[in-house]
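With this note's numbering as the guide, the letters of the sequence shown map in order to residues 3 to 409. For glycine and all other residues, C-beta sits at the position ideal for the given N, C-alpha and C. Given the structure is predicted, the values throughout are model-derived calculations rather than measurements.
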Amino acid sequence: MVMHVEIISKEIIKPSSPTPHHLRNFKLSFLDQIAPSLYIPIIFFYHSNHGVGVDPFERSRSLKKSLAETLTRFYPLAGAPINEDFSINCNDKGADYIEARVPCKLSQVVDNPKAQELIQLLPFEPHHSCTEIGKEVLLAVQYNIFECGGVAIAVCVSHKIADGTSAVTFVNAWAGTSRGASEVISSSFDAATHFPLRDTTGFMPNEAISKENIVTKRFVFNKSSIAALRKEASVAFGPEDRGPSRVEAISAFIWRRFMAMAKAKQGNKKPKLFAAVHAVNLRERMVPQLPLRNSIMEINSEYVKKLQDSNGHLDFMKKTSKQLVQGEIEFCNFSSWCWFPFYEVDFGMGKPTWVCCPSIPCKNVVVMMSTKDGDGIEMWINMKEEDMAMFEHDPELLSLATLANGE
């Protein structure tokens with residue numbers, strides 16, 4: 003089956019109430035400043051079971067109304083594009099909202115997903131998104147209607163203003179408003195107070211966005227495979243240690259297979275540096291909590307304080323950015339979304355059948371998401387086409403993971 007999505011309508015959804023003048027100038031933080039100009043794409047799939055007899059276009063009208071109401075609380079997302087001084091004019095410009103028709107049943111996509119076809123359900127192609135300051139769309143939604151009456155709600159939010167945590171917070175807030183939940187979810191926008199802007203001359207965050215052909219594949223690890231990896235990794239820990247978490251064990255395994263692929267590809271070429279990067283939630287580290295082992299243990303309150311007060315982290319990023327441009331270093335970037343409440347996002351149609359992150363326009367980026375039952379982990383791995391051709395045929399990888407791409 004070749005899927006061709008038909009765009010029905012496009013419009014702008016503005017906040018239902020104007021943003022107060024004292025909130026009109028929103029300053030980005032240092033962490034936003036060093037983030038690449040890409041989008042966080044998330045697609046939520048809903049079967050029609052919970053909305054039998056409900057006209058999908060009537061449901062869309064309800065979603066647009068609740069989106070307008072939610073944007074009053076998440077007002078930076080409805081602002082004008084980011085300015086050169088890393089500020090947003092919160093002028094209620096609004097968010098893009100697209101309605102589309104998909105000529106197949108929802109189950110045909112969910113049961114047989116192909117990353118390249120899933121991209122059609124997004125408001126725009128992530129690899130071709132504008133990365134110029136002053137032209138970036140901050141939030142876009144595509145409401146996809148399937149032949150069976152099921153829908154897929156796709157959200158793209160600028161990584162310059164949101165991370166995975168804040169993106170799912172926004173979507174849950176929107177969903178709650180849509181179904182008339184009594185609890186009103188809002189967010190604080192004070193990151194710039196804790197992490198003010200810095201002089202980032204010499205650092206080019208958009209170098210992380212690949213100009214090469216990126217291929218995305220989904221590898222699924224079930225409960226028993228994860229248990230085997232945790233058991234294998236636990237031998238490195240003493241009896242007093244709690245042992246590796248699911249994310250730590252599976253990240254270490256993917257890193258090992260990535261390095262095997264990289265070494266096989268490198269052959270007799272000049273050696274280069276390889277580095278694993280794991281995103282962490284700094285919100286939990288503003289006050290000491292659970293400090294990936296070794297380097298991740300050091301991302302604690304003391305590190306966060308240094309990040310706030312010194313240029314050490316920025317200097318390190320400038321150095322590695324230069325090495326990346328010169329081809330001296332190659333990264334493998336991990337981001338765990340395993341504990342994000344994606345499967346709690348209920349717009350009044352019940353909880354989603356499936357949630358996915360179909361594509362990130364950066365090579366060697368791994369996004370981890372829990373399966374719907376919570377026992378397994380889906381790994382959405384983005385690589386150069388020639389690298390993926392080697393990686394996806396790794397026998398050791400395939401002995402523990404299922405390549406699930408509908409191909």
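Straight-line CA distance for K274 to L326? Rounded to the nearest whole angstrom, the C-alpha separation of K274 and L326 is 10 Å.
To test your reading of the DSSP string, which unbroken alpha helix (DSSP H) runs of 4 or more residues are found completely within the region 6 to 40? Listed in chain order, they are 32 to 35.
Keeping to the same chain, check which residues put their C-beta closer than 7 Å to that of Q144; ignore five residues upstream and five downstream. For Q144, where only same-chain residues beyond five positions count, the Cβ hits under 7 Å are I100, A102, L123, L124, P125, A156.
Quick one: is E380 buried, meaning 16 or more other Cβ sit within 10 Å of its Cβ, or exposed? For E380, the number of other beta carbons within 10 angstroms of its own is at least 16, and it is reported as buried.
Beta-carbon separation (whole angstroms), V279 vs F333, contact threshold 8 Å: Their Cβ separation, rounded to whole angstroms, is 5 Å, which keeps V279 and F333 in contact under 8 Å.
Since P360 and L40 should fall inside the 8 Å C-beta cutoff, what is the C-beta to C-beta distance between them, to a whole number of angstroms? Here P360 is actually not in contact with L40; their C-beta atoms are around 13 Å apart, not less than 8 Å.
By DSSP's criteria, A156 is part of a beta bridge. Which residues make up the other side? When DSSP reads this structure, A156 sits in a beta bridge with I45, Q144.
Does the structure place the region 58 to 75 close enough to the region 87 to 100 that three or more beta carbon pairs sit under 8 Å? Enough Cβ pairs lie closer than 8 Å, so yes.
Quick check: the Cα distance between E214 and M390, rounded to an integer number of angstroms? Taking the straight line joining both Cα atoms gives about 13 Å.
For A278, the residue or residues it bridges with in DSSP: Per DSSP, the beta bridge partners of A278 are C334.
With a CB to CB cut of under 6 Å and the five nearest residues on each side skipped, what residues in its chain are close to A251? Excluding residues within five positions, the ones whose Cβ falls inside 6 Å are L231, R232, A235.
Per the DSSP calculation, W356 is bridged to which residue(s)? W356 pairs with F47.
Are the CB atoms of D165 and F88 nearer to each other than 8 Å? The answer is no: Cβ separation not under 8 Å.
May I ask you to report which of helix, strand or coil DSSP gives M392? Here DSSP, grouped into helix, strand and coil, assigns M392 to helix.
E380 - DSSP class collapsed to helix/strand/coil: Three-state result, E380: strand.
Would you decide whether W414 is buried or exposed? Buried here means 16 or more other CB atoms lie within 10 Å of its CB. Residue 414 is absent from the structure shown; the chain starts at 3 and stops at 409.
What is the DSSP secondary structure of N174, reduced to helix, strand or coil? Note: N174 maps to helix in three-state DSSP.
On the three-state DSSP scale, how would you describe I362? Coil at I362, not helix or strand.
Need the endpoints of the alpha helix (DSSP H) that I256 sits in, please. Unbroken alpha helix (DSSP H) run through I256: 248 to 268.
How many angstroms separate the CA atom of E346 from the CA atom of P354? Distance between E346 and P354, taken at the CA atoms: about 8 Å.
DSSP-derived helix/strand/coil call for T167: Looking at T167 - three-state DSSP - the assignment turns out to be helix.
Of the listed residues T21, H395, R61, nearest to K219 (C-alpha basis): Check the Cα spacing between K219 and each of T21, H395, R61: the tightest is with H395.
Quick one: grab the DSSP three-state call for R63. If DSSP states are grouped into helix, strand and coil, R63 belongs with the helices.
In the DSSP assignment, find the alpha helix (DSSP H) that holds E398 and state where it starts and stops. First-last of the alpha helix (DSSP H) with E398: 397 to 400.
Excluding the 5 residues preceding and the 5 following V357 in the sequence, name in chain order all residues of the same chain whose CB lies nearer than 6 Å to its CB. Counting only residues of its own chain and dropping the five nearest sequence neighbours on each side, V357 has a CB closer than 6 Å to the CB of F46, F344.
If you reduce the DSSP assignment to three classes, tell me which class R232 lands in. In the structure shown, R232 sits in a helix (DSSP, three-state: H, G or I).
Tell whether a beta-carbon distance below 8 Å holds between P38 and I211. Pairing P38 with I211 gives a Cβ-Cβ distance under 8 Å.
Determine the direct distance from the alpha carbon of G151 to that of N51, and round the result to whole angstroms. Whole-angstrom Cα-Cα distance: 9 Å.
Does the beta-carbon of W339 have 16 or more other beta-carbons within 10 angstroms, so that it is buried, or is it exposed? Per the 10 Å Cβ criterion, buried.
Roughly how many angstroms separate the alpha carbons of S31 and L25, rounded to a whole number? Approximately 16 Å between the Cα atoms of the pair.
Going by the C-beta, is E13 closer than 7 Å to any heavy atom of the ligand MG? Among the ligands in the structure shown, none appear at all, so the ligand MG cannot be discussed.
Have a look at M5 and K386 and give me their C-alpha separation to the nearest angstrom. When rounded, the distance between both Cα atoms is 24 Å.
Where the alpha helix (DSSP H) containing A117 begins and where it ends: Start and end: 117 to 120.
Report all residues from its chain with a CB closer than 7 Å to the CB of W176; omit the five preceding and five following residues, and keep chain order. S68, L69, T72.
Find the nearest neighbour of L405 within the set P115, G269, P17, judged by alpha-carbon distance. Of the listed residues, the one whose Cα sits closest to L405 is P115.
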